[in-house]
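Worksheet: one structure, shown below.
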Amino acid sequence: MGATHSASEEVRELEGKTGFSSDQIEQLHRRFKHLSGDQPTIRKENFNNIPDLELNPIRSKIVRAFFDNRNLRKGPSGLADEINFEDFLTIMSYFRPIDTTMDEERVQLCRKEKLRFLFHMYDSDSDGRITLEEYRNVVEELLSGNPHIEKGSARSIADGAMMEAASVCVGRMEPDQVYEGITFDDFLKIWQGIDIETKMHVRFLNMETIALCH
Amino acid sequence: MLRAALPLLWLPLAGAGATEEPTQEPGSPGEPPPGLALFRWQWHEVEAPYLVALWILVASLAKIVFHLSRKVTSLVPESCLLILLGLVLGGIVLAVAKKAEYQLEPGTFFLFLLPPIVLDSGYFMPSRLFFDNLGAILTYAVVGTLWNAFTTGAALWGLQQAGLVAPRVQAGLLDFLLFGSLISAVDPVAVLAVFEEVHVNETLFIIVFGESLLNDAVTVVLYKVCNSFVEMGSANVQATDYLKGVASLFVVSLGGAAVGLVFAFLLALTTRFTKRVRIIEPLLVFLLAYAAYLTAEMASLSAILAVTMCGLGCKKYVEANISHKSRTAVKYTMKTLASCAETIIFMLLGISAVDSSKWAWDSGLVLGTLFFILFFRALGVVLQTWVLNQFRLVPLDKIDQVVMSYGGLRGAVAFALVILLDRTKIPAKDYFVATTIVVVFFTVIVQGLTIKPLVKWLKVKRSEHHKPTLNQELHEHTFDHILAAVEDVVGHHGYHYWRDRWEQFDKKYLSQLLMRRSAYRIRDQIWDVYYRLNIRDAISFVDQGGHVLSSTGLTLPSMPSRNSVAETSVTNLLRESGSGACLDLQVIDTVRSGRDREDAVMHHLLCGGLYKPRYRGALRCVQAHASYPLPQPVQRRSCPGRVGRGTWQSTCPQRPPRLCPWTCRQAGTKASRPWRAWHPRPVPRPHL
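Protein chains in written order, with my numbering: chain A, 1 to 214; chain B, 1001 to 1688.
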């Protein structure tokens, strides 16, 4: 980001769209360039350059989340091949701290957005439901770091979690009723009363954040 | 340290109450032989332990009496009642014996009464919450205590200069600073006693309570430094002494923490090898933690910090290593000891207040102190919170600040420290003692009584009791990984990054060293929660009279009524370790440790039958791929009575197919063969 006129205009535009401050945008832009190797866009392969990310058990899901059209607000499903800086910022904006001085409605909205990000991570086939198979997938990945826990155990954990979710969302079920999967509303119900705001944010280097949240 | 080893036992009651010893030496010269005494009264031989036991008994009986009235206990915290009881008892003893006999002796207090409470709180401290808020806790503990001490001391000195404190209180600036240092520390015992009845939200509680634990180092250093300055005389204090004082702060706190961590390491390591000697496990936990306390005390380091770090550090490994029963034993013993110690402390505080020979009253000093501690604490909290909120992820709002400043209770530690002052060096000691007593009583009684209505009036966020859910655990883990990943992408080494690094280091090196191999293998938080939830569900299900395995045709033989089911129910089988109910002959045959066997038993039963009868048809998708085979229906044995090992063994099906991924071994294999060697049967494709 040099001192050119158009660059600072762009920055202001991005500030407005994503809610980051100009310092943070510059910081992130530098990081973006480092990741992309000075290209204007990032592809999935660029994420292999981050050594620490290799150790993360749910790495594939996270990288996928960066390219997910639903998170980029470009469509209902599918994956983008590459993302530019603005898309990068859009994804990062999910992790900004919620400004608690905003009114209750905006806070709820921000909360929903963050939970939606999480939901999209679980729901890999974009059908709007987290099915048992997808849940099992997640649990297996989470437990993949520990080589001594068998796949069968992961499966039974996922089954148990699904049943718990069913009991929370639907309550008593008829004998032949089938629980298809967790919809987004059910997902919100599970998270009722638990502060996601305190858990889901990363502190970006500059403390000042503009109180905006899409 | 100045916490000198004073008499370890209470002063024996010399006068009233003691009876003459009627025994005489048989065969003493010049005396007729007494003949065989049928009954002798030997009070002096049992006096000391008997008195100790009596006091503890009185305290416990008092607790029972208090709790008889629900109304009283909901309004008045227990600590208040105990102090008032102490006052009454002290008055009685004073009236009977004409002198105050029982006191809160600093030696007894610091060596015997304080360690259980601190150990209990350190061991059961929620470590994740503690480390998340560590910045705030440290700020309040160190900066806050220093601020309180200096401002209170200086303000009191100013009060004296202004003439509001009577001149008979001979104290200079250093004396007031010394007094300020001991009166300004928030007391862990009092905070615990009051806050655990109020149930504020966890963040608030952990900040106030963490502060009360960690400020011990600061208090110790300040007290020591000021005391030695007073002894040296204010004229002899040099600049290097001030620097030494600052340096000793670091030495005391870091040294105390290091001692605690060393003992935590030792404890975790020793429990790794106690597989064959399970009975000494609880003993080890207490001994090593107490040793940590005493070692830090001996080296003049912060003992409270040592025990806290010991409890925090060792818990994960110890809980993984020791048996189920030992865990329960440790938990309940710790809670009992801590509760007992707390009761005795408050009672003795009440009793000690009655001894008027120890104190002298000065209204200016007392009122001034009360006002200043409240005022400066509130001011300090506001200032520090303003600074902290720039850095915190979740800011602390005004209501939290009010509760924090109001919740800064002083207690027995301040009292013990003031009693330890040397009257020859500090002539104003008696006035200080009286002031401390008033302050402690005020904070515990008045603030303790009013904090509950205050919390309700301010609508402070209360702690909601979440039952642990599997979903929550899963999502928390996902969060941690996502946040660590985002920090990696951004290139920012923030809190999550370092926590992730620590967890990996722990997994690779520490856990391998400190945990038993069998525990290390399946150690995973998600698995632990799942396991615990399974057990909880199983026990509650069966206790409600349900039959495990009923859908598969296996029922407990001839159980007509619910009562008899409850007696010989699966619950009892599950609860006895290693009891024989098992579907797999081979599991019974192989020699295994009690815990492994009971785990396997439980797992078989749960996998085999639990979810199906309960959620009948609820999840077709789950039922479609039940990975575990249903045990074959078995002939019902018509003998009533206990379902013992023998019965089950003969009703076991012949060699069920191996599907359980648990620790079953093939018959004839050596125990040393890794259990990954066999493979589960492939599961049919799921259709939803």
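Glycine included, each C-beta is placed from N, C-alpha and C at the ideal position. Every value quoted in this text rests on a predicted model; they were computed, and no experiment measured them.
Other residues of its chain near residue i: CB distance less than 6 angstroms, five sequence neighbours each side excluded
{"i": "E1487(B)", "result": "G1494, H1496, Y1497"}
{"i": "C1639(B)", "result": "Confidence at C1639(B) is low in this model, with a pLDDT of 41, below 50, so its placement is unreliable and no value can be given for it."}
{"i": "T1023(B)", "result": "Bear in mind that the predicted position of T1023(B) carries a pLDDT of just 41, short of 50, making it unreliable; the figure below should be weighed with that in mind. The residues are R1040."}
{"i": "D195(A)", "result": "none"}
{"i": "F1209(B)", "result": "V1191"}
{"i": "V1285(B)", "result": "V1330"}
{"i": "S1028(B)", "result": "Confidence in S1028(B) is poor, its pLDDT being 46 and thus under 50, which makes the residue's placement unreliable; the coordinate value appears in the next sentence. Once the five neighbours on either side are set aside, S1028(B) has no close Cβ partner at all."}
{"i": "V1433(B)", "result": "K1358, W1359, V1418"}
Residues that residue i bridges to, as DSSP identifies them
{"i": "G1488(B)", "result": "Note that residue 1488(B) corresponds to Asp in the displayed sequence, not to Gly. DSSP lists no partner for D1488(B)."}
{"i": "E82(A)", "result": "R43(A)"}
{"i": "V1200(B)", "result": "R1462(B)"}
{"i": "R1327(B)", "result": "R1327(B) pairs with nothing; no bridge assigned."}
{"i": "T183(A)", "result": "R129(A)"}
{"i": "D68(A)", "result": "L79(A)"}
Residues of its chain near residue i, where Cβ-Cβ distance is below 8 angstroms and the 5 sequence neighbours each way are ignored
{"i": "E1197(B)", "result": "P1077, E1078, K1452"}
{"i": "L1458(B)", "result": "I1399, V1402, V1403"}
{"i": "L1474(B)", "result": "I1526"}
{"i": "L1089(B)", "result": "V1058, M1347, G1350, I1351"}
{"i": "D1480(B)", "result": "H1496, R1499, D1500"}
{"i": "L1269(B)", "result": "L1513, L1514"}
{"i": "H1199(B)", "result": "R1462, S1463"}
Any non-hydrogen atom of the ligand PLP closer than 7 angstroms to residue i Cβ
{"i": "Q1472(B)", "result": "Because no ligand of any kind appears in the structure shown, any question about the ligand PLP cannot be addressed here."}
Interface partners of residue i on chain C, CB under 9 angstroms
{"i": "R70(A)", "result": "Given the protein chain composition of this structure (A and B), no chain C is represented."}
Alpha-carbon spacing of residue i relative to residue j, whole angstroms
{"i": "A1291(B)", "j": "E180(A)", "result": "57 angstroms"}
{"i": "T1108(B)", "j": "A1149(B)", "result": "26 angstroms"}
{"i": "H120(A)", "j": "V63(A)", "result": "12 angstroms"}
{"i": "V1418(B)", "j": "G1172(B)", "result": "16 angstroms"}
{"i": "V1330(B)", "j": "Y1531(B)", "result": "21 angstroms"}
{"i": "I1064(B)", "j": "A1341(B)", "result": "16 angstroms"}
{"i": "A1412(B)", "j": "P1188(B)", "result": "9 angstroms"}
{"i": "L1085(B)", "j": "L1367(B)", "result": "25 angstroms"}
{"i": "G1364(B)", "j": "S1511(B)", "result": "58 angstroms"}
{"i": "L1174(B)", "j": "G1255(B)", "result": "27 angstroms"}
{"i": "L955(B)", "j": "E1297(B)", "result": "Absent from the model: residue 955(B). The displayed extent of chain B is 1001 to 1688, so no value can be given."}
{"i": "D185(A)", "j": "L1470(B)", "result": "19 angstroms"}
{"i": "I1322(B)", "j": "I25(A)", "result": "51 angstroms"}
{"i": "F1701(B)", "j": "L1283(B)", "result": "Residue 1701(B) lies beyond the range of chain B shown here (1001 to 1688); nothing can be said about it."}
{"i": "V1072(B)", "j": "S1357(B)", "result": "33 angstroms"}
{"i": "T1343(B)", "j": "V1237(B)", "result": "42 angstroms"}
{"i": "F1376(B)", "j": "K1315(B)", "result": "37 angstroms"}
Cβ separation of residue i and residue j, assumed to be a contact under 8 angstroms, to the nearest whole Å
{"i": "Y1140(B)", "j": "Q1504(B)", "result": "Not a contact, Cβ separation roughly 31 angstroms."}
{"i": "L1388(B)", "j": "A1136(B)", "result": "5 angstroms"}
{"i": "Q1170(B)", "j": "A1428(B)", "result": "6 angstroms"}
{"i": "L1104(B)", "j": "A1416(B)", "result": "6 angstroms"}
{"i": "G1491(B)", "j": "R31(A)", "result": "5 angstroms"}
{"i": "I1445(B)", "j": "W1359(B)", "result": "Contact doesn't hold; Cβ gap of about 18 angstroms is too wide."}
{"i": "V1230(B)", "j": "I1426(B)", "result": "6 angstroms"}
{"i": "S1181(B)", "j": "Y1242(B)", "result": "Actually they are not in contact, since the Cβ atoms of S1181(B) and Y1242(B) sit about 15 angstroms apart, beyond 8 angstroms."}
Selected residue, minimal CA-CA separation from residue i, among the options
{"i": "L1449(B)", "options": "A1048(B), L1374(B), L1075(B), L1038(B)", "result": "L1075(B)"}
{"i": "G128(A)", "options": "Q192(A), T183(A), D23(A)", "result": "T183(A)"}
{"i": "D1355(B)", "options": "V1072(B), L1087(B), E1045(B)", "result": "L1087(B)"}
{"i": "G78(A)", "options": "D38(A), S126(A), S22(A), A7(A)", "result": "S126(A)"}
{"i": "F95(A)", "options": "L1393(B), Y1102(B), F1131(B)", "result": "L1393(B)"}
{"i": "G1091(B)", "options": "S1228(B), A1484(B), A1353(B), T1274(B)", "result": "A1353(B)"}
{"i": "V1225(B)", "options": "A1414(B), L1214(B), P1427(B), A1247(B)", "result": "A1247(B)"}
{"i": "C1310(B)", "options": "L1054(B), F1371(B), Y1123(B), A1095(B)", "result": "Y1123(B)"}
{"i": "S36(A)", "options": "D123(A), D68(A), F88(A)", "result": "F88(A)"}
Same chain, Cβ closer than 7 angstroms to residue i, neighbours up to 5 away in sequence not counted
{"i": "R155(A)", "result": "R136"}
{"i": "S1253(B)", "result": "A1217, S1302, L1305"}
{"i": "L1288(B)", "result": "F1263, L1266, L1267"}
{"i": "E9(A)", "result": "none"}
{"i": "T1571(B)", "result": "Residue placement at T1571(B) is poorly supported in this model, since its pLDDT is 39, which falls under 50; the coordinates are not used for a value here."}
{"i": "V1455(B)", "result": "V1198, V1200, V1403"}
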